[in-house]
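Chemist:
Protein chains: 2
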Amino acid sequence: MDSQPKNQLNVSVDCVVFGFDENQLKVLLIEQDQLSDTHIPLTALPGDHVFEGEDLDHAAGRVLKELTGLEGVYLKQFHAFGNPNRTKGAKDATWLKQFRKNPDAHIITIGYYSLVRMEDMNPKASSFAKITEWVDVNEIPDLAFDHNEIFEYALRTLRDDTESYHISFELLPKKFTLAQLQHLHELILNRKLDKRNFRKSVKKIEELIPLNEKQKGVFHKPAQLFSFEMPERRN
Amino acid sequence: MDSQPKNQLNVSVDCVVFGFDENQLKVLLIEQDQLSDTHIPLTALPGDHVFEGEDLDHAAGRVLKELTGLEGVYLKQFHAFGNPNRTKGAKDATWLKQFRKNPDAHIITIGYYSLVRMEDMNPKASSFAKITEWVDVNEIPDLAFDHNEIFEYALRTLRDDTESYHISFELLPKKFTLAQLQHLHELILNRKLDKRNFRKSVKKIEELIPLNEKQKGVFHKPAQLFSFEMPERRN
């Protein structure tokens, strides 16, 4: 009655960690160690296998920590990628043969993403990651496997989430101006927003609380400060 | 260098097909065949293993067809579920032992959902499905594995997608009234909507096209008709 002759797949997680500072949106990449002297640079998203008996969310946190040293980053699952050819590129074969027992296995990967303040992070490469680096989202090189596709999907998801104002809550200082909020949105969406329309739309956000307080220590006319009331996280 | 001693997981897909008619929102369930005479009813979402070398989207379509006969349904991936205990409930053990080579395997499942017009569908049970049935979303019984959780997650996703107006495009007749659109939204969201606010918000939808045409054959004052211009489907 068992009609599944071949269903032993490998499952991995890949983490797309976006980093934000005042002026840039970057993503955290690793350079994978090369045992042989092929010298092909293999830049990739931090990712690795899920263990049998391990929860997916747990695996995402573990893998990110093992490869980059980052801990306690809130990672949100966004999509599973299962194209059987996703790891079959010529550039990936050498690496897979060196590091994997079954280099030809069909690997389903679950994508996770996060948006963090770069200044709060101090990534350090370990395990098969040789280097970690923050790379501008507009200057992503050719990545290992289908990681360019996974990155693009994550960026679209981040932008959609930003449009619905779910994402920026943790990135700004506790008290911020609407100009700071607009700047963050422009950076993520990669386009200028009309100031009047932006203010009209953000004022509909229930979680945005106007404070009875203004900026201090600025040379221009001090702007009003706002804060966010955190909504319950889904799941 | 291979630090993954145990990473042979099983991967499956589960399909949450919501069916809509004028007055109800239902979901398509199957009763799983029981080889032995335990007589425990095992109601479940249609789902089964992904084959090695098979694309996930393809697997979702194949599995839905194999179990329910439905073909050509647009299925959208929404979440991966990987809790190692998700198939370890006592009620599931008997069934797994009968139908699976590795009844104790850790199975990651990828959830897909769809929203269809029930009248266009004619499901017929086959493979290990004995019966297919449309069940009201408010009357879901205790399901196999973690399928109650998967169903709830799909329903939340459907509601979120409805709030952003992405979902209802294919469910209404080609030409429809705003009352019909509001009724569909109320059914999915499971709450009454204020008519004035609803109309104000839907009129902002670019894809909603007012037609130079009114209802025919109604006893009340005929309402204006609208149609949708389909947006590009994302991936």
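Going line by line, the protein sequences match chains A and B.
Take the first sequence: its position 4, counting from 1, is numbered 4 in the numbering used here, and each next residue is one higher.
Convert by adding 1000 to the 1-based position in the second sequence; the result is the number in the numbering used here.
Ideal Cβ placement from N, Cα and C applies to all residues, glycine included.
#1: Buried or exposed for LYS1026 of chain B, please, with buried defined as at least 16 other CB atoms from any protein chain shown within 10 angstroms of its CB.
#2: Give a yes or no on whether 7 Å exceeds the smallest Cβ distance from GLN1008 of chain B to chain A.
#3: Using a 10 Å radius around the Cβ and a threshold of 16 neighbouring Cβ atoms, would you call PHE275 of chain A buried or exposed?
#4: What residues from chain B crowd round GLN77 of chain A, counting only those whose CB sits closer than 7 Å?
#5: In terms of alpha-carbon separation, which member of A:HIS106, A:TYR113 and A:VAL73 lies closest to ASN122 of chain A?
#6: Count the other C-beta atoms from every protein chain shown that fall within 10 angstroms of the C-beta of SER3 of chain A, then say buried if there are 16 or more, exposed otherwise.
#7: Is the beta carbon of LYS192 of chain A within less than 6 Å of some heavy atom of the ligand ATP?
#8: At a CB-CB cut-off below 9 Å, which residues of chain B make contact with ASP92 of chain A?
#9: What is the residue span of the alpha helix (DSSP H) that LEU184 of chain A lies within?
#10: Can you grab the Cα-Cα spacing for the pair LEU96 of chain A / THR109 of chain A, in whole Å?
#11: Mark GLY1053 of chain B as exposed unless 16 or more other C-beta atoms lie within 10 angstroms of its C-beta, in which case mark it buried.
#12: Using a beta-carbon distance below 7 Å, is VAL11 of chain A in contact with chain B?
#13: Here's the rule I'm using: 16 or more other beta-carbon atoms within 10 Å means buried, otherwise exposed. How should SER201 of chain A be labelled?
#14: Can ALA228 of chain A and GLU213 of chain A be called in contact, C-beta distance under 7 Å?
#15: Roughly how many whole angstroms lie between the Cα atoms of ASN32 of chain A and SER127 of chain A?
#16: Along chain B, in chain order, which residues have C-beta atoms closer than 7 Å to that of HIS106 of chain A?
#17: Measuring only the C-alpha atoms, how far is CYS981 of chain B from THR1087 of chain B?
#18: Quick check on GLN180 of chain A: buried or exposed, where buried means 16 or more other Cβ atoms within 10 Å of its Cβ?
#19: In angstroms with no decimal places, state the Cα-to-Cα distance between PHE1151 of chain B and PHE1051 of chain B.
Modeler: The short version:
#1: buried
#2: yes
#3: The structure shown does not extend to residue 275 of chain A, since chain A spans only 1 to 235, so no value can be given for it.
#4: HIS1079 and ALA1080
#5: A:VAL73
#6: In this prediction, SER3 of chain A scores a pLDDT of 43, lower than 50, which makes its location untrustworthy; no coordinate-derived value is stated.
#7: Among the components modelled here there is no ligand, and therefore nothing to report on the ligand ATP.
#8: Within chain B, no residue comes near ASP92 of chain A; the closest Cβ sits about 16 Å away, beyond 9 Å.
#9: 178 to 189
#10: 15 Å
#11: exposed
#12: yes
#13: exposed
#14: Contrary to the premise, residue 228 of chain A reads as Phe rather than Ala in this sequence. It is not a contact, given that the beta carbons lie outside the stated cut-off.
#15: Rather than Asn, the amino acid found at residue 32 of chain A in this sequence is Gln. Roughly 9 Å between the two C-alpha positions.
#16: GLU1052 and GLY1053
#17: Outside the modelled stretch of chain B, which goes from 1001 to 1235, sits residue 981 of chain B, for which no answer is possible.
#18: buried
#19: 23 Å
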